[in-house]
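Notes follow once the structure below has been shown.
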Amino acid sequence: MGGPRIQVVEDTDALSRAGADLLAGSIAAIPGARVVVATGHTPMATYAELAERRRSGLFDPAAMSVLQLDEYLGLEPGDRRSLYGWMQRSFLGPMGIAEDRVARLPVEGDLDAACAGFDQMIDSRGGLDLAILGLGLNGHLGFNEPPADRSAPTRVVDLSPVTIAANARYWGSVGAVPTKAVTIGMRQLLSARAIVMVVSGEGKRAIVHRSLEGSVGPDVPASFLQVVDSGVTVIVDRAAWGEG
Ligand code: PGA
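Below, the structure written as structure tokens:
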């Protein structure tokens, strides 16, 4: 357990190339890889780069399967602002991944039972091979809002004011952002064989250092990345990391 490998890159272009290199290599190395795919702003250029490589025949995602990381609750089916819709436009479509190779998080019915079933499904298939994650301003992974223990299961969560404020840009106003969501839990994410976290921009500087160098505990869920057995790589641009 050597702790996360931290790869500091100059800018967002370099981040997308480094992210695409790492993801393409990791996915190619495990036929049928089970991959958690984050939405959010940061990984978008990396996905675009991967899609470009696919078009050029340099990357073949045909065998991978995808798990949804998180989703808002309370949306109408087909709402374009759902995170599933975003994942479809940014990743599944460009990678040519059919819906039957995607595990969608439950959003209706008995959610506690369905979330437990989702974890059982992951366990029964041997766990996650790769988790592609962003970093929340409050240190969340997926929607594992602080405090979130390392054993937290897949579950329904209340979004924190910080997350709601950060996501208001997609909804027009703070008041329009859903307040409840479902997220893959910490236990599954931290048990993934490999974790790639992408972090960009000066606004993330304090939280990225706190997550990777501060004390480890539920108040900063991403701090658990310091102590997992998985291979963790954090690709962070200079704006987020600073000169240090
Ligand atoms: P961002 O989101 O990539 O849009 O900054 C990261 C996150 O909240 O996990």
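By the count of my numbering, the sequence shown reaches residue 547 at its end, each step adding exactly one. We put the CB at the ideal spot given by N, CA and C, even for glycine. These figures come from a predicted structure and were not determined experimentally.
Report all residues from its chain with a CB closer than 6 Å to the CB of Leu414; omit the five preceding and five following residues, and keep chain order. Val459
Excluding the 5 residues preceding and the 5 following Arg508 in the sequence, name in chain order all residues of the same chain whose CB lies nearer than 6 Å to its CB. Contacts found: Ala543 and Gly545.
How far does the beta strand (DSSP E) with Tyr375 in it reach, from first residue to last? Asp373 to Tyr375
What are the partner residues of Asn447, as DSSP defines its beta bridges? Leu444
Taking any heavy atom of the ligand PGA as the mark, which residues have a C-beta closer than 5 Å to it, listed down the chain? Gly343, His344, Thr345, Gly437 and Gly439
Taking Ala434 as the reference, give the member of Leu372, Thr466 and Gly328 with the closest Cα. Leu372
Would you call Pro380 buried or exposed, if buried means 16 or more other Cβ atoms sit within 10 Å of its Cβ? exposed
At what residue ranges does the segment 452-512 contain a whole run of the alpha helix (DSSP H), taking only runs of 4 or more? 464-470 and 489-494, all fully within the segment 452-512.
Ala406 by DSSP, collapsed to three states: which one? strand
When Ala484, Val523 and Asp461 are compared against Gly439, the one with the closest alpha-carbon: Residue Val523 holds the alpha-carbon nearest to the alpha-carbon of Gly439 among Ala484, Val523 and Asp461.
Assuming Gly518 contacts Leu318 (C-beta within less than 8 Å), just tell me the rounded distance between them. Correcting the residue identity first, residue 518 is Ser in this sequence and not Gly. That belief does not hold up - the Cβ atoms of Ser518 and Leu318 are roughly 27 Å apart, past 8 Å.
Let me check one thing: in DSSP terms, what residues is Thr536 bridge-paired to? Arg308 and Val499
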